[in-house]
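K.L.:
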Amino acid sequence: MLGKENLIKKISGRIIVAAFSSHITRLAHIVKVAEALGKKIAIDGRSMKTNIEVATEAGFFIPKKGTIIPLEETDNYPPNKIVVLMTGAQGEEFAALNRAANKSNAKFSLRKGDTIILSASIVPGNELAVVKMRDGLARQGVRIISYRTAGEDFVHATGHGNQEDV
Numbered sequence: 150m151l152g153k154e155n156l157i158k159k160i161s162g163r164i165i166v167a168a169f170s171s172h173i174t175r176l177a178h179i180v181k182v183a184e185a186l187g188k189k190i191a192i193d194g195r196s197m198k199t200n201i202e203v204a205t206e207a208g209f210f211i212p213k214k215g216t217i218i219p220l221e222e223t224d225n226y227p228p229n230k231i232v233v234l235m236t237g238a239q240g241e242e243f244a245a246l247n248r249a250a251n252k253s254n255a256k257f258s259l260r261k262g263d264t265i266i267l268s269a270s271i272v273p274g275n276e277l278a279v280v281k282m283r284d285g286l287a288r289q290g291v292r293i294i295s296y297r298t299a300g301e302d303f304v305h306a307t308g309h310g311n312q313e314d315v
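Every position in the sequence shown, counted from 1, becomes a number in the working numbering once 149 is added.
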C-alpha cells in the first residue's frame with residue numbers, strides 16, 4: 150500500500166478514495182496515513198460508514214479523537230487536509246461516488262482540484278458503469294487516479310488470496 154501513502158503525501162487538494170467498504174485493512178491503513186499527515190477523514194456511503202464503525206468498535210483500529218469528521222464539515226478545513234473515503238469504485242448507481250459524479254450527492258460536491266483515487270480494478274461486467282461514472286467525474290475537472298494510471302504509486306492490491314494463501 151506504499152502507493153497510497155505516496156499519493157496522500159504529495160496530492161495538494163482534497164483526496165477522495167473510492168474503495169470496497171469491506172476491505173477494512175486498506176481503509177484502516179489510509180486512515181493511519183492520513184492521521185500521520187495531520188489530515189481529517191470524512192466518510193460517505195452507508196456500507197463504508199457501517200464497516201468503519203464496526204471495525205473501530207471491534208478494536209481493529211482506533212482513529213485518534215477528531216480524525217474522523219462529518220462529511221458536511223469538510224469545507225471547514227483546507228483542501229489539503231481532507232481525505233474522503235467513499236463507496237462506489239465500481240460505478241454502482243446509488244453509491245456515494247457515482248452520486249457525486251452525476252451531481253446528485255446532497256452532502257458532497259466535487260470541485261476542481263479534487264483528486265479521486267479509484268482503489269480497485271474494474272470487476273468484469275461493470276466496465277460501462279465505471280466509464281460513465283469516470284466521464285461524470287472528468288466533466289467536473291477532477292483528477293482521476295486508477296490502478297492503470299498511478300504509475301509507480303501502486304493503488305490496488307487484490308483482496309483475494311493468491312494460490313499459496315488458499
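Cβ coordinates follow ideal geometry from the N, Cα and C atoms, glycine included.
#1: Could you please give me the residues that DSSP links to Val166 through a beta bridge?
#2: Who are the near neighbours of Lys230 in its chain, counting only those whose CB is closer than 7 Å to its CB and skipping five residues on each side?
#3: Rounded to whole angstroms, what's the CA-CA distance from Asp193 to Leu277? Just pull it up for me.
#4: Report yes if the C-beta distance between Ile293 and Ile265 is below 7 Å; otherwise report no.
#5: Please report the Cβ distance between Ala249 and Leu259, rounded to the nearest whole angstrom; I am assuming they are in contact, meaning their Cβ atoms lie under 8 Å.
#6: DSSP state of Ala249, grouped into three classes?
#7: Kindly list the residues whose CB is nearer than 7 Å to the CB of Thr307, restricted to its own chain and excluding five residues on each side of it in sequence; keep chain order.
#8: How is Lys189 classed by DSSP in three states: helix, strand or coil?
#9: Roughly how many angstroms separate the alpha carbons of Ala167 and Glu206, rounded to a whole number?
#10: According to the Cβ coordinates, are Val279 and Gly240 closer than 7 Å?
#11: Sort out for me which residues DSSP pairs Ile217 with in a bridge.
#12: By DSSP, does Ile179 sit in helix, in strand, or in coil?
#13: List the whole-angstrom C-beta distance separating Arg163 from Pro228, where the pair is believed to meet the contact cut-off of C-beta under 8 Å.
P.N.:
So, from the listed chains and residues:
#1: As a working mapping, residue 166 is identified with position 17 in the sequence shown. DSSP output for Val166 lists Leu234, Ile266 as bridge partner(s).
#2: Start at 1 with the first residue of the sequence shown, and residue 230 comes out as number 81. Counting only Cβ-Cβ distances below 7 Å, and skipping sequence neighbours, we find Gly187, Lys188, Lys189.
#3: Taking the sequence shown and counting its residues from 1, one reaches residue 193 at position 44. Taking the sequence shown and counting its residues from 1, one reaches residue 277 at position 128. Computed Cα separation, rounded: 23 Å.
#4: As a first step, residue 293 must be located in the sequence shown, where it is residue number 144. As a first step, residue 265 must be located in the sequence shown, where it is residue number 116. Cβ atoms of Ile293 and Ile265: closer than 7 Å.
#5: By 1-based counting over the sequence shown, the position of residue 249 is 100. By 1-based counting over the sequence shown, the position of residue 259 is 110. Yes, they are in contact, since the Cβ atoms of Ala249 and Leu259 sit about 5 Å apart, within 8 Å.
#6: Numbered from its first residue, the sequence shown carries residue 249 at position 100. If DSSP states are grouped into helix, strand and coil, Ala249 belongs with the helices.
#7: Start at 1 with the first residue of the sequence shown, and residue 307 comes out as number 158. Its pLDDT being 48, under 50, Thr307 is placed unreliably by the model, and the measurement read from it follows with that caveat. Taken in chain order, the list of residues that qualify is empty.
#8: Position 40 of the sequence shown, counting from 1, holds the residue named residue 189. Here Lys189 sits in strand by DSSP.
#9: Residue 167 sits at position 18 when you count from the first residue of the sequence shown. Residue 206 sits at position 57 when you count from the first residue of the sequence shown. Rounded to whole angstroms, Ala167 to Glu206 spans 22 Å at the Cα level.
#10: Reading the sequence shown from its first residue, position 130 is the one you call residue 279. Reading the sequence shown from its first residue, position 91 is the one you call residue 240. Yes; because the gap between Cβ atoms is below 7 Å, this pair is in contact.
#11: Here residue 217 corresponds to residue number 68 of the sequence shown, with the count starting at 1. DSSP output for Ile217 lists Ile190 as bridge partner(s).
#12: Within the sequence shown, residue 179 is the residue found at index 30, counting from 1. Ile179: helix per DSSP, three-state reduction.
#13: Taking the first residue of the sequence shown as 1, we reach residue 163 at position 14. Taking the first residue of the sequence shown as 1, we reach residue 228 at position 79. Right, the Cβ-Cβ distance comes to about 5 Å (below 8 Å), so this counts as a contact.
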